[in-house]
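Trainee: Supplied in structure tokens, the structure appears directly below.
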Amino acid sequence: MQVVKVDIDTATPLHPEAAILIIYTGGTVGMVFDEAEQHLVPFNFTQILDHVPELRQFHYLLTVLSIEPAIDSSNMGVADWLLLSRLIGENYESYDGFVVLHGTDTMAYSASAMSYLLENLQKPVIFTGAQVPIGRIRTDARENLITAVQIAATRQEGTSRVPEVCIYFRNLLLRGNRSKKVESSHFDAFKSDNYPPLAETGIEIDYNAEHVLPYPTRPFRAHGQLDDRVVVLKLFPGITAAVVQSILQTPELRGVVLETFGSGNAPTASWFLALLREALAKGIVILNVSQCDEGHVDQGRYETSKHLLDMGVVGGADITTEAAVSKLMYVLGLELSLVQTTELLRQNLRGEITI
Ligand code: ASP
């Protein structure tokens, strides 16, 4: 894998209003139709101005870092998240904002991971992508990219308007770690059920300033460590002891996102509770996340969640599974004591939960 740098020639290269770094990782957004091969292939990002000539009109300094070969987001992994954290960390002082072009399939996972890795972020990191490739006439890539760049460059009284990791898609700016991909056909691919949009775009970009994270006062830090020894265990009626046992007894396992029913409820069968207790006794951390898109985990409300609370399962409040995965990886990666790890998981670290 290599990172190729491309400078974009825009309207005022000598006196730019803002400097924006675009990181192209891959996904539909950067695909064109190859007539010879008769399928979609990633296009060479040095030709971006041929596809989005509007970029020339910006009075910004635009630089593209293109990750080659481009990654379909189903292949995104922890190493790619750490690379993104490093690229943003290394370029943090030189740019006013960052736009990450990414496949939509796992964008919510990557945006969540970046929200943890980039601590005390004072500048926008806007993820965007497209449902229709940039080389197609009806592409949504052009509008998504142009608006994401504009949002990344917007400042108010000298500071960025959205100093956080976001997803911009269609007409919504959403907090990254609150977002989910909900559509594979229509243009409105993302939603954030438990948190209002940070901005909505129409003729104007209307910011919901009261929902944006406060500007941090402590110094920025790009973290370089995640612990990937985690698993998502999604419960379903009829799940067997053999399945739960094989997952919880995965060698080296350190954390489990337990996807439960409703407000955090799970079976009360003795074999199930015994397997959970055994995992907890080994020091494995279990984070209870609801399968419902809306509402939150409230352990103890029903008998079917009271036992989870009593044995030390951590309630995930209204966190998404996408955010829970990287919250667990990030907190475990800090290598703290079990008590401190559990305590951090309960806290609202980056605006991912309402408590
Ligand atoms: N498979 C693509 C990806 O996530 C889909 C997309 O970009 O929309 O990389």
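So the sequence shown is numbered by the numbering used here: it starts at 42 and just counts up by one. Each residue gets a CB set at the ideal place from its N, CA and C atoms; glycine is no exception.
Alpha carbons only, please: which of ILE327, GLY265, LEU390 is nearest the one belonging to ILE294?
Mentor: In the sequence as presented, Ile is not what sits at residue 294; that position holds Leu. For LEU294, the nearest C-alpha among the options comes from ILE327.
Trainee: May I have the straight-line CA-CA distance separating SER201 from GLU300, to the nearest angstrom?
Mentor: Cα-Cα distance, rounded: 36 Å.
Trainee: Can you tell me the Cα-Cα spacing of THR192 and ALA59, whole angstroms?
Mentor: Note that residue 192 is Ile in the sequence shown here, rather than Thr. Cα to Cα, the separation comes out at about 11 Å.
Trainee: Hey, would you say LEU62 sits closer than 9 Å to VAL93, going by beta carbons?
Mentor: Cβ distance not < 9 Å, so LEU62 and VAL93 don't count as in contact.
Trainee: At a cut-off of 8 Å, would you count SER287 as near the ligand ASP, judging by its Cβ distance to the nearest heavy atom?
Mentor: Flag unset: Cβ of SER287 not near the ligand ASP.
Trainee: Can you tell me the Cα-Cα spacing of THR169 and THR309, whole angstroms?
Mentor: Approximately 42 Å, taken between the alpha carbons.
Trainee: State the start and end residues of the unbroken alpha helix (DSSP H) segment that holds LYS347.
Mentor: Taken as a continuous stretch (DSSP letters only), the alpha helix (DSSP H) holding LYS347 covers 344-352.
Trainee: So the beta strand (DSSP E) LYS323 belongs to, where does it begin and stop?
Mentor: LYS323 -> no beta strand (DSSP E), and no H or E assigned at all.
Trainee: Provide the residue(s) that pair with GLY138 in DSSP beta bridges, ordered along the chain.
Mentor: Paired residue(s): ILE61.
Trainee: Report buried or exposed for ALA315, applying the criterion of at least 16 other Cβ atoms within 10 angstroms of its Cβ.
Mentor: Exposed, by the Cβ-count rule.
Trainee: Tell me the DSSP secondary structure of SER287 in three-state form.
Mentor: DSSP places SER287 in helix when its eight states are reduced to three.
Trainee: Taking the Cβ atom as the reference point for each residue, do THR180 and ASN212 lie within a distance shorter than 9 Å?
Mentor: It is not a contact, given that the beta carbons lie outside the stated cut-off.
Trainee: Is ILE112 near the ligand MG, going by C-beta to nearest heavy atom under 8 Å?
Mentor: Absence of the ligand MG from the depicted structure is noted, with the ligand ASP being the only ligands included.
Trainee: Taking the beta carbon of PHE139 as the centre, do at least 16 other beta carbons fall within 10 Å, making it buried, or is it exposed?
Mentor: Result: buried.
Trainee: What do you reckon, is the C-beta of GLY67 under 8 Å from a heavy atom of the ligand ASP?
Mentor: Checking every heavy atom of the ligand ASP against the Cβ of GLY67, one is found closer than 8 Å.
Trainee: Grouping DSSP H, G and I as helix and E and B as strand, with all else coil, what is MET155?
Mentor: Helix.
Trainee: Rounded to whole angstroms, what is the Cα-Cα separation between TYR371 and HIS252?
Mentor: Their Cα atoms are separated by approximately 24 Å.
Trainee: With distance defined between alpha-carbon atoms, name the residue in ALA263, ALA364, ALA365 nearest to GLU160.
Mentor: Cα-wise, what sits closest to GLU160 is ALA263.
Trainee: Measuring alpha carbon to alpha carbon, tell me which of GLU393, GLY353, PRO278, SER114 ends up nearest VAL380.
Mentor: When only C-alpha atoms are compared, the closest one is GLY353.
Trainee: Let me confirm a value: MET42 is counted as buried when at least 16 other C-beta atoms fall within 10 Å, else exposed. Which label applies?
Mentor: Exposed, because fewer than 16 other Cβ atoms sit within 10 Å of the Cβ of MET42.
Trainee: Decide if ILE394 is buried, meaning its Cβ has at least 16 other Cβ atoms within 10 Å, or exposed.
Mentor: That one is buried.
Trainee: Does the pairing of the stretch 115-132 with the stretch 94-102 give three or more beta-carbon distances under 8 Å?
Mentor: The stretch 115-132 is not in contact with the stretch 94-102.
Trainee: Please confirm whether GLN79 has its beta-carbon closer than 9 Å to some beta-carbon of chain D.
Mentor: In the structure shown, chain D cannot be found, because there is only a single protein chain.
Trainee: For VAL73 versus ILE175, is the C-beta spacing smaller than 9 Å?
Mentor: Result yes, Cβ atoms of VAL73 and ILE175 sit closer than 9 Å.
Trainee: Is there at least one non-hydrogen atom of the ligand ASP closer than 8 Å to the beta-carbon of THR169?
Mentor: Incorrect: THR169 has no Cβ contact closer than 8 Å to the ligand ASP.
Trainee: Take every Cβ of the stretch 209-229, pair it with every Cβ of the stretch 141-158, and state whether three or more of those distances are shorter than 8 Å.
Mentor: With the cut-off at 8 Å, the stretch 209-229 and the stretch 141-158 touch.
Trainee: Assign GLY67 to buried or exposed, taking buried as 16 or more other Cβ atoms, counted over all protein chains shown, within 10 Å of its Cβ.
Mentor: Classification of GLY67: buried, given that the 10 Å Cβ count is 16 or more.
Trainee: Let me check you understand the geometry: is the CB of ASP146 closer than 8 Å to at least one non-hydrogen atom of the ligand ASP?
Mentor: Yes, the beta carbon of ASP146 sits closer than 8 Å to at least one heavy atom of the ligand ASP.
Trainee: Within the present structure, is the beta-carbon of VAL223 separated from the nearest heavy atom of the ligand ASP by less than 8 Å?
Mentor: No, the beta carbon of VAL223 sits no closer than 8 Å to any heavy atom of the ligand ASP.
Trainee: Below 8 Å, is the gap between the Cβ of GLN172 and the nearest heavy atom of the ligand ASP?
Mentor: Answer for GLN172: yes, Cβ within range of the ligand ASP.
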